[in-house]
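Everything below concerns the one structure shown next.
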Amino acid sequence: MSSEMPAENLLPTDVPDVEEKINSNENQVKKGEPGSDKTESIGVMSKRQMKKLMKQKQWEEQRDLRRQRRKEKRQKRKLERQYQLESNNEGSDRKRIRRDVVPSTLRLIIDCSFDNLMVLKDVKKLHKQIQRCYAENRKALHPVQFYLTSHGGQLKNNMNENDKGWVNWKDIHISSEHYNELMKKEDLVYLTSDSPDVLNELEETKAYVIGGLVDHNHHKGITYKKALEQGIGHAQLPLGNFVKMNSRKVLAVNHVFEIILSYLEKRNWKEAFFSVLPPRKGASPLGEANDSSKCELHEKEAGEDNSSDSD
Numbered sequence: 001m002s003s004e005m006p007a008e009n010l011l012p013t014d015v016p017d018v019e020e021k022i023n024s025n026e027n028q029v030k031k032g033e034p035g036s037d038k039t040e041s042i043g044v045m046s047k048r049q050m051k052k053l054m055k056q057k058q059w060e061e062q063r064d065l066r067r068q069r070r071k072e073k074r075q076k077r078k079l080e081r082q083y084q085l086e087s088n089n090e091g092s093d094r095k096r097i098r099r100d101v102v103p104s105t106l107r108l109i110i111d112c113s114f115d116n117l118m119v120l121k122d123v124k125k126l127h128k129q130i131q132r133c134y135a136e137n138r139k140a141l142h143p144v145q146f147y148l149t150s151h152g153g154q155l156k157n158n159m160n161e162n163d164k165g166w167v168n169w170k171d172i173h174i175s176s177e178h179y180n181e182l183m184k185k186e187d188l189v190y191l192t193s194d195s196p197d198v199l200n201e202l203e204e205t206k207a208y209v210i211g212g213l214v215d216h217n218h219h220k221g222i223t224y225k226k227a228l229e230q231g232i233g234h235a236q237l238p239l240g241n242f243v244k245m246n247s248r249k250v251l252a253v254n255h256v257f258e259i260i261l262s263y264l265e266k267r268n269w270k271e272a273f274f275s276v277l278p279p280r281k282g283a284s285p286l287g288e289a290n291d292s293s294k295c296e297l298h299e300k301e302a303g304e305d306n307s308s309d310s311d
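The opening residue of the sequence shown carries number 1 in my numbering; numbering runs sequentially from there.
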């Protein structure tokens, strides 16, 4: 029996298989090759990288929106510059206009002594008319010396409640005293539509009185009677010389006030009337009114003739 053993029995039993080792190395090389699975080659993406990627994506998506916002801002700045320029020009125009203002020495008084003859609703209307007078006088080219006399009662209470700023009004004299106590009797002229005297020209040295009364014709002729009782001058505006009206010639306080302001500027009664009178008064030039009235009369007569013929 031979003592020699086969060669294959001489190899160590713990040596790895060579083929196995080669296959293992090949697999490791493949993992690093291009095109292989990224999750295996670079691992999981960090939070910082994710945020950076999201910001980049958001920046690209909002590019058009940012462009639109920049355009809107440019337009807004352009409009603001244009508005500022117009405001500066308007301010210059106002300064120029104010330099052209020549105050009148004529005194215009609203007599507020009829407070007890009005209900609160009419007092509120008078208050609005006075506000209009004040505003128109402030912007007039020839503002008058504006007076409110016998100021108190319901009117003053209403002004305190609804127009507290009246205590700061400028270029106006507001007094609780009667105009007789503030003016010379010979300077006073009460403007009333019931006076037989027509005012053809305004005198700068006079003080013209407007009755502060809203009564819807409940107290007809009261201002004329008051002027007679006090022995002061009275007159009516020359409305009937230029205007044909569908209603009575009684005008609101602010309309009389504005007509006088307009006349001081234009020196033309007709222009003054038609620049102020509201359409509801149905005012038309006197000549045109007569012609239209004649036409209406002829049409009416013609209609009557036609109806009689048909019978």
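For every residue, glycine included, the Cβ atom is placed at its ideal position computed from N, Cα and C. Computed from a predicted structure; not experimentally measured.
Worksheet entry | Beta bridge counterpart(s) of Phe146 as assigned by DSSP | As a first step, residue 146 must be located in the sequence shown, where it is residue number 146. Its beta-bridge partners are Leu108, Ile172.
Practice prompt. Would you list the one or two residues that DSSP bridges to His234?
Written response: On the sequence shown, residue 234 is found 234 positions in, with the first residue counted as 1. His234 is bridged to Tyr190.
Worksheet item: Less than 8 Å separating the beta-carbons of Ala207 and Arg138?
Response: Sequence index remark: in the sequence shown, residue 207 carries index 207 (1-based). Sequence index remark: in the sequence shown, residue 138 carries index 138 (1-based). Cβ distance not < 8 Å, so Ala207 and Arg138 don't count as in contact.
Worksheet item: Going by C-alpha distance, which of Leu251, Ser195, Lys185, Lys57 is nearest Thr205?
Response: As a working mapping, residue 205 is identified with position 205 in the sequence shown. Here the closest residue by C-alpha is Lys185.
Worksheet item: Which residue or residues does DSSP assign as beta-bridge partners of Ser113?
Response: If you number the sequence shown from 1, residue 113 lands on position 113. Checking the DSSP bridge columns, you'll see Ser113 has no partner listed.
Worksheet item: Apart from the five residues on each side of it in sequence, which residues of its chain come closer than 7 Å, Cβ to Cβ, to Pro238?
Response: As a position in the sequence shown, residue 238 is number 238, starting the count at 1. Val198, Leu199, Asn200, Trp269, listed in sequence order.
Worksheet item: Who pairs with Lys244 in a beta bridge, going by DSSP?
Response: Reading the sequence shown from its first residue, position 244 is the one you call residue 244. In DSSP, Lys244 forms a bridge with Ser284.
Fill in: Of the listed residues Lys55, Gln84, Leu126, Asp64, nearest to Asp163 (C-alpha basis)
Along the sequence shown, one-based indexing puts residue 163 at 163. The shortest Cα separation from Asp163 among Lys55, Gln84, Leu126, Asp64 belongs to Leu126.
Worksheet item: When DSSP labels each residue in this structure, what does Val209 get in the three-state scheme?
Response: Within the sequence shown, numbered from 1, the residue matching residue 209 stands at position 209. Secondary structure at Val209: strand, using DSSP grouped into helix, strand and coil.
Practice prompt. Identify the continuous alpha helix (DSSP H) that holds Leu261 and give its terminal residues.
Written response: Along the sequence shown, one-based indexing puts residue 261 at 261. For Leu261, the enclosing alpha helix (DSSP H) starts and ends at 253 to 266.
Item to complete: Would you mind reading off the limits of the alpha helix (DSSP H) that contains Lys220?
Response: Here residue 220 refers to the residue found at position 220 when the sequence shown is read from its first residue. Note, Lys220: premise wrong, no alpha helix (DSSP H); not H, not E.
Worksheet entry | Residue nearest to Gly279 in terms of C-alpha spacing, selected from Leu251, Leu264, Leu261 | Here residue 279 refers to the residue found at position 279 when the sequence shown is read from its first residue. Checking the sequence, you will find Pro at residue 279 rather than Gly. Cα-wise, what sits closest to Pro279 is Leu251.
Worksheet item: Nearest to Glu177 by CA position, among Ser150, Leu202, Asp115, Gln82, is which residue?
Response: On the sequence shown, residue 177 is found 177 positions in, with the first residue counted as 1. If we check each option's Cα against that of Glu177, Ser150 comes out closest.
Discussion item. Less than 6 Å between C-beta atoms, sequence neighbours within five positions excluded: which residues of the same chain meet that for Arg63?
Written reply: Along the sequence shown, read from residue 1 onward, the residue named residue 63 stands at position 63. Here Arg63 has no same chain residue with a Cβ atom under 6 Å from its own Cβ, once five neighbours each way along the sequence are excluded.
Discussion item. Taking the beta carbon of Pro143 as the centre, do at least 16 other beta carbons fall within 10 Å, making it buried, or is it exposed?
Written reply: Within the sequence shown, residue 143 is the residue found at index 143, counting from 1. Pro143 should be labelled buried.
Practice prompt. Confirm, please, whether the CB-CB distance from Gln154 to Val189 is below 8 Å.
Written response: To locate residue 189, count along the sequence shown from 1; it is residue 189. To locate residue 154, count along the sequence shown from 1; it is residue 154. Cβ distance not < 8 Å, so Val189 and Gln154 don't count as in contact.
Worksheet item: DSSP on Val123, reduced to helix/strand/coil?
Response: Taking the first residue of the sequence shown as position 1, residue 123 is located at position 123. The answer is helix: DSSP assigns Val123 an H, G or I state.
Worksheet item: If we ignore side chains and look at the alpha-carbon of each, how far apart do Val256 and Ala272 end up?
Response: Start at 1 with the first residue of the sequence shown, and residue 256 comes out as number 256. Start at 1 with the first residue of the sequence shown, and residue 272 comes out as number 272. Rounded to the nearest angstrom, the gap between the Cα atoms of Val256 and Ala272 is 10 Å.
Fill in: Burial state of Ser46 (16 or more Cβ within 10 Å)
As a first step, residue 46 must be located in the sequence shown, where it is residue number 46. Exposure of Ser46 is indicated by the presence of fewer than 16 other C-beta atoms within 10 angstroms of its C-beta.
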